[in-house]
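For reference, the structure discussed in these notes is given below.
Numbering (the working numbering), first residue to last: 2 to 290.
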């Protein structure tokens, strides 16, 4: 694992948020003298979306400058954040574009700032985001908690995004190419059986299944798993009605549910179990609907 420079990810993120790198200036620069970012986490650029952005730029101009860096030994500027805007500006026929220039960056700063600015400012798909998180962890020793704090997401959300990288390669490509979306992917990863997961993916593509359809498939898988026999607790007063309600809730949520009577005849609690962060995310999503 590469060792981070200075204060590592905290130092880099603070500089991004405070715009604190020396030499930052805004200027207009010829598009032909700007090159794509070799550290760009985005793997795919949707052609239709680029055309729509290009039309917007024609009508309203570029609202936000892109960020670039320039090495002293190069005649070109390289994009730090805003490659999508740069591509759309070229489609729109612009000759020049407004840029924020950052000078004399180290290789680590180029990588770190590029990842952070793109995660925070660009609409990356879930897999490109996961790969960016992974690079921050590998290159800078960032933890999931570090990333969650800085990108203003929960640790569970960061963990669940990273877990998507466990999907098969063709499913990952399907997400990046827009054949399925992040909601489909989160539902798929909650199916631990690889063969069933691939079967569900093929059905999404062939039958145009909705996210809810896939969630129901995942719920069915969990509810069909063999359950261990429950040992009744001493003094348990569970009624047949309560047992039936438990079974109905388990079928709906796809996880173990317990109804526990309290000391009085009209109080108690419902315990909903989860067995992984993905399971928690899935159950929470059902409850919020």
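C-beta: ideal position from N, C-alpha, C; glycine also.
How is the beta strand (DSSP E) around residue i delimited, first residue to last?
{"i": "residue 29", "result": "26-31"}
List the DSSP bridge partners of residue i.
{"i": "residue 70", "result": "79 and 103"}
{"i": "residue 272", "result": "259"}
{"i": "residue 36", "result": "79"}
{"i": "residue 97", "result": "31"}
Does DSSP put residue i in a helix, in a strand, or in coil?
{"i": "residue 262", "result": "strand"}
{"i": "residue 290", "result": "coil"}
{"i": "residue 46", "result": "coil"}
{"i": "residue 267", "result": "coil"}
{"i": "residue 116", "result": "helix"}
{"i": "residue 51", "result": "helix"}
{"i": "residue 281", "result": "helix"}
{"i": "residue 56", "result": "helix"}
{"i": "residue 23", "result": "Model confidence at residue 23 stands at a pLDDT of 42, short of 50, so the residue's coordinates are unreliable and nothing is read from them."}
For the alpha helix (DSSP H) holding residue i, just list the boundary residues, first then last.
{"i": "residue 64", "result": "Where residue 64 is concerned, there is no enclosing alpha helix (DSSP H), given that its DSSP letter is neither H nor E."}
{"i": "residue 90", "result": "84-92"}
{"i": "residue 141", "result": "127-141"}
{"i": "residue 159", "result": "156-164"}
{"i": "residue 246", "result": "241-254"}
{"i": "residue 147", "result": "145-152"}
Determine, for residue i, whether the minimum Cβ-Cβ distance to residues of chain D falls below 8 angstroms.
{"i": "residue 39", "result": "The displayed structure is made up of one protein chain only, and chain D is not part of it."}
Exercise for the section: Enumerate, from N- to C-terminal direction, the unbroken alpha helix (DSSP H) stretches of 4 or more residues contained entirely within the stretch 170-216. Expected result: 170-177, 183-190 and 195-208
Exercise for the section: Report yes or no: do three or more beta-carbon pairs, one from the stretch 157-173 and one from the stretch 187-195, lie closer than 8 angstroms? Expected result: yes
Exercise for the section: Kindly confirm or deny that the stretch 69-87 and the stretch 23-37 touch, where touching means at least three C-beta pairs closer than 8 angstroms. Expected result: Result yes; three or more Cβ-Cβ pairs closer than 8 angstroms.
Practice task
Indicate whether the contact test is met: 3 or more Cβ pairs, each with one atom in the stretch 249-262 and one in the stretch 129-137, closer than 8 angstroms.
Solution key: no
Handout entry: Inter-stretch contact (C-beta, 8 angstroms, three-pair minimum) for the stretch 48-59 and the stretch 73-84
Key = The stretch 48-59 and the stretch 73-84 do not touch, with fewer than 3 CB-CB distances between them shorter than 8 angstroms.
Practice task
May I ask you to verify whether the stretch 89-99 touches the stretch 58-74, counting CB pairs closer than 8 angstroms and requiring at least 3?
Solution key: yes
Exercise for the section: Decide yes or no for the touch test of the stretch 214-223 against the stretch 147-162: beta carbon pairs closer than 8 angstroms, at least 3 of them. Expected result: no
Practice task
Evaluate contact between the stretch 141-152 and the stretch 170-184, counting only Cβ atoms and requiring at least three cross-stretch pairs below 8 angstroms.
Solution key: Counting Cβ pairs under 8 angstroms, fewer than three are found: no touch.
Problem - contact_flag[the stretch 259-272, the stretch 192-212] where n(CB pairs < 8 angstroms) is 3 or more - result: Under the 8 angstroms Cβ criterion, the stretch 259-272 does not count as touching the stretch 192-212, having fewer than three qualifying pairs.
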